[in-house]
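Count along the sequence shown starting at 1, add 2, and that's the number in my numbering. Using N, Cα and C, we set each Cβ at its ideal position, and we do this for glycine too. Everything on this sheet refers to the single structure shown next.
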Amino acid sequence: MMAATHRPPLFNLCGGHAALDLVNSLDNRYGARQPLERLTDYAALLRFALESGLVDARRARQLAQVTTAAAERAVRSARELREALAAALYARLDGRSPPPAALRTLEGHLHRAARHRELRWARGVPGGALSWDRGRYEARAELPVWLLAQSAGELLMSETVERVRACDADTCRWLFLDTSRNHTRRWCDMKVCGNRMKARRFQARHEA
Ligand SMILES: [Zn+2]
Numbered sequence: 003m004m005a006a007t008h009r010p011p012l013f014n015l016c017g018g019h020a021a022l023d024l025v026n027s028l029d030n031r032y033g034a035r036q037p038l039e040r041l042t043d044y045a046a047l048l049r050f051a052l053e054s055g056l057v058d059a060r061r062a063r064q065l066a067q068v069t070t071a072a073a074e075r076a077v078r079s080a081r082e083l084r085e086a087l088a089a090a091l092y093a094r095l096d097g098r099s100p101p102p103a104a105l106r107t108l109e110g111h112l113h114r115a116a117r118h119r120e121l122r123w124a125r126g127v128p129g130g131a132l133s134w135d136r137g138r139y140e141a142r143a144e145l146p147v148w149l150l151a152q153s154a155g156e157l158l159m160s161e162t163v164e165r166v167r168a169c170d171a172d173t174c175r176w177l178f179l180d181t182s183r184n185h186t187r188r189w190c191d192m193k194v195c196g197n198r199m200k201a202r203r204f205q206a207r208h209e210a
């Protein structure tokens, strides 16, 4: 039984958007050392979905019961989505078009996310209204991947994508949504990269 809600967060969600935090889950992507995989297994993917608010604790506990094979497939799929997203977003930041292979992969993920949902008639609003719902697909292992793909698609196709930045520390380059009023945010996390860079400049001044 998972007690996820009572444990300290496993992921640093300073990206401010689930799709960007997903990209950051491969840590040290641009560092000198080997990248560090934070989506280590399905439990980690569920923790990520829970901490990002994509699923609630009850759903996460239910999904923790899926078969090992389904769980492994979902983790591979989440990493595949992440790398396609990373390729597209970093290319955009570098002023290039996304690699065609990344686009095709994203397309596949968006198709699957769109296919695994049901059209419902919501009676809560006056006169009723149509809405999409995960319905019978809610307990499937890939649910977090579909939700992430949907969220990523919405970001990439909106004007908000212009607010996506990479952390100024070149060994970091974590992605975040710059929601500061003057669009001047430079660091993924002031506590991590901001302080590290300030310390480095301080050191450089005093060694000169
Ligand atoms: Zn950073």
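Asked: Helix, strand or coil: which one does DSSP assign to W176?; Found: coil
Asked: Would you kindly work out how many angstroms separate the C-alpha atoms of R49 and A86, rounded to a whole number?; Found: 21 Å
Asked: Quick check: the stretch 15–34 against the stretch 170–185, are there 3 or more CB pairs under 8 Å?; Found: yes
Asked: Can you check whether the CB of R136 is closer than 8 Å to the CB of H111?; Found: no
Asked: Based on the DSSP secondary-structure assignment, which residues constitute the bridge partners of L38?; Found: D29
Asked: What are the boundary residues of the alpha helix (DSSP H) that W134 is part of?; Found: From DSSP, W134 is part of no alpha helix (DSSP H) but of the beta strand (DSSP E) over 131–135.
Asked: Buried or exposed: where does E107 fall if 16 or more other Cβ atoms within 10 Å of its Cβ makes it buried?; Found: A small fix is needed here, since residue 107 is Thr in this sequence, not Glu. Buried, by the Cβ-count rule.
Asked: Under 7 Å from any heavy atom of ligand 1, does the C-beta of V57 make it?; Found: no
Asked: Pull up the distance between the alpha-carbon of D96 and that of W123, whole angstroms please.; Found: 44 Å
Asked: What are the residues that DSSP puts in a beta bridge with R122?; Found: S133
Asked: Taking Cβ positions, are R198 and A171 nearer each other than 8 Å?; Found: yes
Asked: Checking 8 Å against the spacing of the C-beta atoms, do L38 and N26 come in under that value?; Found: no
Asked: In terms of alpha-carbon separation, which member of Q67, A154, L91, C195 lies closest to A2?; Found: Residue numbering for the chain in the displayed model covers 3 to 210; residue 2 lies beyond these limits and cannot be assessed.
Asked: Taking a cut-off of 5 Å, which residues have a beta-carbon closer than that to any heavy atom of ligand 1, in chain order?; Found: C169, A171, C174, W176, C190, C195
Asked: Put A168 into one of helix, strand or coil per three-state DSSP.; Found: strand
Asked: Expressed to the nearest angstrom, what Euclidean distance is found between the alpha-carbon atoms of R187 and N14?; Found: 17 Å
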